[in-house]
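Numbering (our numbering), first residue to last: 37 to 162.
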């Protein structure tokens, strides 16, 4: 094989990787959501789940995670930085039908969160 043929073969054998960015409010998003001023979410379990004893008192996290992560939470809590925290898992239906539409309505700024004031836990009135 010539050097050019080897170079061409090596270029075509490189794995292709596509960067995927999924944001809060989109169907494929999993992670922490900020309830803010919304009504109480529909939960998977009525009690908070805690894998490790909490070192400090912190507010609970509301998370949307895949069903397999809920089932084996002790295995996945580290991915969400939630092993020592009280966690409430929100139901998919609530996320899709209530949270995501509300989030998209108030976050039409391409993810810059200009209308959101997390420290006040509410959205600006537009």
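Idealized CB from N, CA, C, for every residue including glycine.
Quick caveat: nothing in here was measured; it's all calculated off a predicted structure.
Practice prompt. With residue 69 as the anchor, note down where its beta strand (DSSP E) starts and where it stops.
Written response: Indexing the chain shown from 1 puts residue 69 at position 33. Residue 69 -> beta strand (DSSP E) spans 67–69.
**Q.** Sequence ranges, alpha helix (DSSP H) only - wholly within the segment 60–126, length at least 4
**A.** The segment 60–126 contains these whole alpha helix (DSSP H) runs: 103–107, 109–112.
| request: List the whole-angstrom C-beta distance separating residue 58 from residue 98, where the pair is believed to meet the contact cut-off of C-beta under 8 Å. | output: On the chain shown, position 22 is the one that residue 58 refers to. On the chain shown, position 62 is the one that residue 98 refers to. Contact doesn't hold; Cβ gap of about 18 Å is too wide.
Quiz prompt | Coarse secondary structure for residue 128, derived from DSSP in three states | solution = Looking up residue 128 in the chain shown gives position 92. Residue 128 falls in the helix class under three-state DSSP.
Assign residue 138 to one of three DSSP states: helix, strand, or coil. Counting from one through the chain shown, the residue named residue 138 turns up at place 102. Of the three classes helix, strand and coil, the one that applies to residue 138 here is helix, per DSSP.
Worksheet item: Using the C-alpha atoms, what's the distance from residue 103 back to residue 112?
Response: Numbered from 1 along the chain shown, position 76 holds the residue referred to as residue 112. Numbered from 1 along the chain shown, position 67 holds the residue referred to as residue 103. Their backbone Cα atoms lie some 11 Å apart in a straight line.
Taking its Cβ as the centre, do 16 or more other Cβ atoms sit within 10 Å of residue 160, making it buried, or is it exposed?
For the purposes of this step, residue 160 is taken as the residue at position 124 of the chain shown. Low local confidence applies: a pLDDT of 40 at residue 160 is under 50, so the model's placement there is unreliable, with the coordinate-based value given in what follows. Counting Cβ neighbours within 10 Å, residue 160 comes out exposed, since fewer than 16 surround it.
- [ ] Using the Cα positions of residue 126 and residue 140, report the straight-line distance between them to the nearest angstrom.
- [x] Taking the first residue of the chain shown as position 1, residue 126 is located at position 90. Taking the first residue of the chain shown as position 1, residue 140 is located at position 104. Between residue 126 and residue 140, the C-alpha separation is close to 18 Å.
Next item on the list: Count the other C-beta atoms from every protein chain shown that fall within 10 angstroms of the C-beta of residue 44, then say buried if there are 16 or more, exposed otherwise.
Entry: Translated into the one-based positions of the chain shown, residue 44 becomes position 8. Any reading at residue 44 needs caution, since the residue's pLDDT is 44, under 50, leaving its predicted position unreliable; the model's value is listed next. With fewer than 16 Cβ atoms within 10 Å of its Cβ, residue 44 is classed as exposed.
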